Every structure is written in C-alpha cells, then in structure tokens.
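Heads up, the thing below is written out as structure tokens.
Protein chains in written order, with the numbering used here: chain A, 15 to 336; chain B, 40 to 531.
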C-alpha cells in the first residue's frame, strides 16, 4: 500500500529506492525536494523559536554588557563591569543563596510528597477519582492568587491562623504571631507553600509513570515473596526513574526561576531576607537598570541551561539504556 | 451631575489660541510620505524595475505556483504600504476638517463615573474644535507606568494628555518625554493651587505638570482620648510618645492595645513616613544627584520609628507587615489612639457601621521634633502633556479645564477626591458634602513633596528594603542607611 504514496525515508531505505542508484552521500531529487519542503514547513516554527527564545536570550546577554541609560535607552558598552559589580554585591549573593536553598529544599519536598501522593492515588480504593482531582487543585489555582490568599491567612492582625490560635487560647490578641514579619517564619512558610503548590504536578507525572508499569511485574514480585517496601524499592522506583528525573529537572528549573510565589507573599521582606534572584531581576528592571538586571538574568539563564544539559543527557542515556 | 456653573466655557480665557499656522505645517509635514510615494512610482525612481518585470510576467502563462508567489508578494506589499496609505488618507481628511483636533487622554480607571462626565462635558463645550478620547488605564500604578513608558519610548504622539503619579514627572521629564508647560502658566496662575501641587511638576527649573488631586500623610487621633488625657493634642515626638504611653496604660481595659500606628510593610508608604519624620526634625535628603540619607537627622528619624516598636513598644510588634489598610482596621477597632495614614482613612474611620471610633476621629499635620513644623508627604496625580504630542495647545486647554474651579468642585463633590485648589477644599458647599475638608486645608498647605528624581524607583527600592529591615530589627538604623547611601547618593 505504501508504495502508492510518496515514500518515506524508511520506505526508501528498505526498498533501496534512492540509495541504490546514487553514489553514497548524495540524495535523489525526490529526497532533496522533500528536504526542502520539510525546511519550508519548519520555517515558521524556527522563526518563532528564534523570535521568542533565542532573540530575547541574546538581547539579555547583550544588555548585560551595557550600563547607564534609563529603561534600556541610551545605554553604553561597559564590558564586564556589571559582572564585577555582581561579584561584589552582597544582595546578589544573598539572593543567589536564597534561590539555591529554595530550590534544594522545595524540590526535595515536592519530589518526596508528590511521589507519596501518586502512590496513594494509584492504589485501588472506592472514590479514588476524588483524591486524584483533589491532588490537582493547588496546581490548578494561579500561583499569584495562591500566594495572596496564603498571605491573608497568615496576616498578623486578621489572619486565619492567628484567629484559630486565639480561639484555642494559645495566644492572645495582644500577642499575635507576626508570621510574615520574621525571617525564619517567612522563609519556612515560603518553603511550605512552594511544596504544597507543586507537589501536585510531581504527583501527576509520577501517577502517569506508575500506570505505565505492567501489573505482571508486580505479580512476579508477589510470587517471589517480595514485601510492599521491597517491591517499592526494587521494582516501582527503578522503573519510575525516567519519570522521576524529568519531574526533578522540570521542578529544579522552575524553582530557580520562581517569582510570583514569593512576590505576592512577602515581596522579599522582612528587609531582603526572602528575596531570590527572580525578585532581584524584577526590582532592577523596575529601577530602569536593564544592564544590571540582565546580568542577574544571565546568571539565572546559565544556571538553567546547565540543568537543561543535565536533563537532556539523562534523557538520552535513559532512552539508550532501554 | 453636570452643573450649570460648569457649562459656562470660561476655559477659553486660559486657553491659548490654537496655532493655525503650526497646524498647517503639521499637515504639510505629514503629507510628505504621500508625495514621496508618488515619486517612488514615477518612471525615474529606482522602483520602476519592479513594475516592468510585472509587465513581463503578464506575458508569460500563469501557473499555479506563479499565482501563489505573486499573491504573496502582493500581500506583503499591501501590508507594508498599508500604514502609508492610511496615513495619507488620514492627512487629507484632517486637512479637510481642520479645526477638529482629537486628543487622547490616558488616565486610571475611575469607578465613580466622574472622569467620564468631565471628559464628556469638555467635548460638549468644545464640540467641533477639540474631542478628547479617554483611554482607561489599569488601576495598578506600575501597570500604568509601563503603559506610559512604552508609549513614550515609541515616541508616539498618543496619549496627548497624561495623568501620572506625583513621583513620575521627573522620571518622564528628564528623558524628554514630557513637554514643559511654563509658557501656559504664570506665577499668578499657580497661586490657585496648594503650594506643593504647583511645584510637584517642577524639574530642573521647568514646570511639567500640575497636580489634579491630592493625597497627604496625616496624623489621625482619637479626640475623646486626647481630651481625657490632658486635652492638648501632642505635636512633638516627645509629647506624642508620652501621651501614647499614658493612654495605653489607662485604656488597656477598653481595648487599647497599642499607642501609635504607622506603616512598616515593605511598600512606598514607609519611605514616605520616614521622610515625614525627617522633615519634622527640620531635615531633608538634599538635592537630586547629591542625596544624603545617612546623616544624623536621617538616622534619628529611622531610629525613632524603630524604637516605637522595640524600645518603648508603643507600636505593634508586627508593624513591619502593616500597610495603610491594616492600620485603618486596627484604628477602627479602637486599638490605638494615634495613627499615621493617608486621607482615604478618614471617611471609613468615621463610618459608624465600620468603625467603633466614629465621631471621635480628628486629623492634624504630622508630628515633629520640638521647635520644628510637621509636614505630611504628598501623593496624588498630576496632569502633563506628552512631548511628542502634535496638539500641545489643545492638550493644555483640556488640562486647564480639568484644573478649573468648577471641574475641580465637581470632582471633589462627586468622586470624593481632594482638589489641589484651596478655593474648592475651603468651599462651604463642598465642605457641606464632605465635612472633613474643613479639617484638611491647613494639613494640605503644609505638605512636602518627595524628591523629584528621574529614577525615583532606584531610590525607593533600596530605601524600602533598608527601612523595613530596621523595622524588622535585622540591623541598626545607622548600618542600614549607611549601606543605602552608596546606592542612592548619586541618583538624579
């Protein structure tokens, strides 16, 4: 049947349609025409990728070598001056530290809790769909909305949590807890909200991974007398490895670029103790300093690209391992 | 809504005569593309080759591919030429209807309907001469700011009239985005307004705008408690803290849990309140390009705010998260005898449905140190003209209309906004509608403006973080302000 249609590469290779008559390395006119058509069809996508991905990235790096001006106008070439300034800027280092700690702690929490939730949701019990839907709720609400609601709940004066504690006689109206005003409490709350927010995404990915594991393998494990934890450790988790790695990398990338979750919750306060790199970039752009904000953005970009390389390498490896 | 008084077109008296000659020139200038367009298609122009090849094409049979490719070229050509053709049409039509000038006015959303009513009235009065199109901007100031910056960066003549925050005139004037209005106003004209309203648009000696309506930091107090504890309203920091102490001790059983409420959240209001404490001690922060935030008076002002929370404990321990709305909620509960807040708090604080202290709320100028005057920090919105506008004279006519006594009276009466004109704020008929206007005249007269900086954000961002850091007890006032000095000192 296929011979009646324009032959695909596989068909040509298997039938020797083009390769046999031509010297190696050369393609027939049909193949060349197909190639041209393929490129023509790819052009819109490539243009879009360039315009929306590559061009902004290149512009950011270009701006990072500029200084002066206002709102990106009338800037002048400054070499690596912005990078030197970055190196001596305590606020950059504290923001970087917050970003990295935020990433490590929240991603670990999301991975552990998300996987546990997925295992729970994968078990067979009546009303399972309710749980599956509930898992998705935090992810379905926009992040900024989440953060504003949480900030109200932890409000010093009329927040839900202080109100509950007052009713339980743990505190009095005169000794309400200043949740968002203390460095430690604000930081811990940001971690908790970030974990609560994104563990549902991890759960969703892992649940999909779990459903791709055939029942036969579990049956074989049961026949061999494996306990639940042995099955989990020796069967489920190794088979979930590619899924877990994808979830892990996606979460790391997104956590490094976090902005709205913190912006709408503490806006980096008290002082600058919950300010991450995303907030720092935003405040520098608001100040009209495109050069310096682009320098910080370039650092975030390099960190992210490093993770993407790691992600792609791992994916290729796990694909070839199969 | 539209009063008879406002219907009289007295605005012509201030309005400049429309520059007919200038208009003609603008029309001629704008028609240039049309002329050059004709030249391009003349036989001597470089574009002629294309038309000949088109003729050649017609001789050859038209294949499907050829049809498609020619279609694409025609499409691209039409798209590229479209704006030219349209602008040419626009030019000829505006030339034909010379006299009607369309203005675009960018201003924030107004839920009272007053702004639209004012624009409609203006359009009625100037029917056939000037038509204003009011484009509603988002309510969030930073979103509006971005809209303006985008319009200015593209050097667009639209909007002609801009409605901007009091901290923006310098930010927009220094890059050359706002037109000076000095030739439209004289000293006499400016005496119609509160002093700070007339100077808030002054940048490097030139005037770029006049304030339309005002806001100011005020000292709110409980009249009943002040009466009970001595009867004299404290005006100095020492007297204030002493009375707050007394009231907190004496009224603890009556729900008074704290003494003095002031904003401490990491927002603009904390910088404003720090400035008020500084101005009230006779200090200032210098001039653009030579700012000083770490002198002794500056440090003392911040130390005073810090000590209210952590030493005398006259302010709530969670002050570092309190915004003006939170302060109002506490004040309405009767939790504090004193509060620093914006003017918006007056009406809800005196609303018997929402406030336990309704009827017992007074306002005064900000506190100061002994021997000095208190000054509230001003806020509000300013009217200015886009430097790229082709219709600056008509734009001024519209601004003059918005600033006139009758329009301002309507604005205060119908939208509750505080006019920048003392004759409106002190007008008995306005005061009959908005009673607290009788108390704020002197407060508005003592207002101080924030420094006119091109990059106000670059000043306020690190200041907010530093002040909030001190109010969170993370660092000393001296360390915080010394740290910020190097960042903000040279900001112009």
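Beta carbons: idealized from backbone N, C-alpha and C, even for Gly. None of these values were measured; they are calculated from a predicted model.
Check, Outcome
"Drop a sphere of 10 angstroms on the beta-carbon of residue 511 of chain B, count the other beta-carbons inside from all chains shown, and report buried for 16 or more, exposed for fewer.", "buried"
"So, does the CB of residue 311 of chain A fall closer than 7 Å to a CB anywhere in chain B?", "no"
"Identify whether residue 245 of chain B lies in helix, strand or coil by the three-state DSSP scheme.", "strand"
"Contact check, residue 297 of chain B vs residue 351 of chain B under 8 Å by CB: the rounded distance?", "So it is not a contact: roughly 11 Å between Cβ atoms."
"Within the same chain, show all residues whose beta-carbon is closer than 6 Å to that of residue 472 of chain B, passing over the 5 residues directly before and after it, in chain order.", "452"
"At a CB-CB cut-off below 8 Å, which residues of chain D make contact with residue 368 of chain B?", "Reference to chain D is not applicable here, since the protein chains of this structure are A and B."
"For chain B, check one thing: does any of its Cβ atoms lie closer than 7 Å to the Cβ of residue 286 of chain A?", "yes"
"Could you tell me the alpha carbon to alpha carbon distance between residue 272 of chain A and residue 384 of chain B, rounded to whole angstroms?", "35 Å"
"State the Cα-Cα distance for the pair residue 438 of chain B and residue 200 of chain B, rounded to the nearest angstrom.", "8 Å"
"Using 7 Å as the threshold, is the C-beta distance between residue 318 of chain A and residue 270 of chain A below it?", "yes"
"Once DSSP output is grouped into helix, strand and coil, what is the label at residue 92 of chain B?", "Residue placement at residue 92 of chain B cannot be trusted, given a pLDDT of 39 that sits under 50; what the coordinates show is reported in the next sentence. Reduced to three states, the DSSP call for residue 92 of chain B is helix."
"Mark residue 320 of chain A as exposed unless 16 or more other C-beta atoms lie within 10 angstroms of its C-beta, in which case mark it buried.", "exposed"
"At what residues does the beta strand (DSSP E) containing residue 174 of chain B begin and finish?", "169-176"
"What residue range does the alpha helix (DSSP H) around residue 144 of chain B cover?", "Looking at the DSSP string, residue 144 of chain B is not in any alpha helix (DSSP H); the run it does join, the beta strand (DSSP E), is 140-147."
"How far does the alpha helix (DSSP H) with residue 57 of chain A in it reach, from first residue to last?", "43-63"
"Just to confirm, are residue 435 of chain B and residue 252 of chain B a CB contact at a threshold of 7 Å?", "no"
"Measure the beta-carbon distance from residue 361 of chain B to residue 378 of chain B and round it to whole angstroms, keeping in mind my assumption that it falls under 8 Å.", "Actually they do not touch by this definition, with Cβ atoms about 10 Å apart."
"Which residues in the same chain as residue 280 of chain B place their Cβ atom closer than 7 Å to its Cβ, once the five residues preceding and following it in sequence are excluded?", "351, 353"
"Provide the residue(s) that pair with residue 401 of chain B in DSSP beta bridges, ordered along the chain.", "B/260"
"What span of residues does the alpha helix (DSSP H) with residue 202 of chain B cover, start to end?", "Residue 202 of chain B -> not in any alpha helix (DSSP H); beta strand (DSSP E) instead, spanning 200-204."
"Within 7 Å of any Cβ in chain A, is that where the Cβ of residue 215 of chain B sits?", "no"
"Pick from B/482, B/335, B/243: whose alpha carbon is nearest that of residue 215 of chain B?", "B/243"
"For residue 238 of chain A, count neighbouring C-beta atoms within 10 Å of its own C-beta (all shown protein chains included) and say buried if the count is 16 or more, exposed if not.", "exposed"
"Please tell me whether residue 297 of chain A has its Cβ less than 7 Å away from any Cβ of chain B.", "yes"
"For the alpha helix (DSSP H) containing residue 203 of chain A, name the first residue and the last one.", "197-225"
"Within 7 Å (strictly less), CB to CB, does residue 449 of chain B reach chain A?", "no"
"In or out: residue 309 of chain B buried (at least 16 other Cβ within 10 Å) or exposed?", "buried"
"To which residues of the same chain is residue 209 of chain B closer than 6 Å at the C-beta, ignoring the five residues directly before and after it?", "242, 491, 492, 493"
"For chain A, check one thing: does any of its Cβ atoms lie closer than 7 Å to the Cβ of residue 298 of chain B?", "no"
"So, are the CB atoms of residue 318 of chain B and residue 414 of chain B less than 7 Å apart?", "yes"
"When the Cα atoms are used, what is the spatial distance from residue 56 of chain A to residue 178 of chain B?", "42 Å"
"Residue 277 of chain A CB to nearest chain B CB: under 7 Å?", "no"
"With 7 Å set as the bound, which would you pick, yes or no: does the beta-carbon of residue 508 of chain B sit closer than that to a beta-carbon of chain A?", "yes"
"Could you compute how far the alpha carbon of residue 524 of chain B sits from the alpha carbon of residue 289 of chain A?", "20 Å"
"Give me the Cβ distance between residue 97 of chain A and residue 304 of chain A, rounded to the nearest whole Å; I'm assuming they're in contact under 8 Å.", "Not really, about 15 Å apart at Cβ, beyond 8 Å."
"Quick check: the Cα distance between residue 187 of chain A and residue 195 of chain A, rounded to an integer number of angstroms?", "17 Å"
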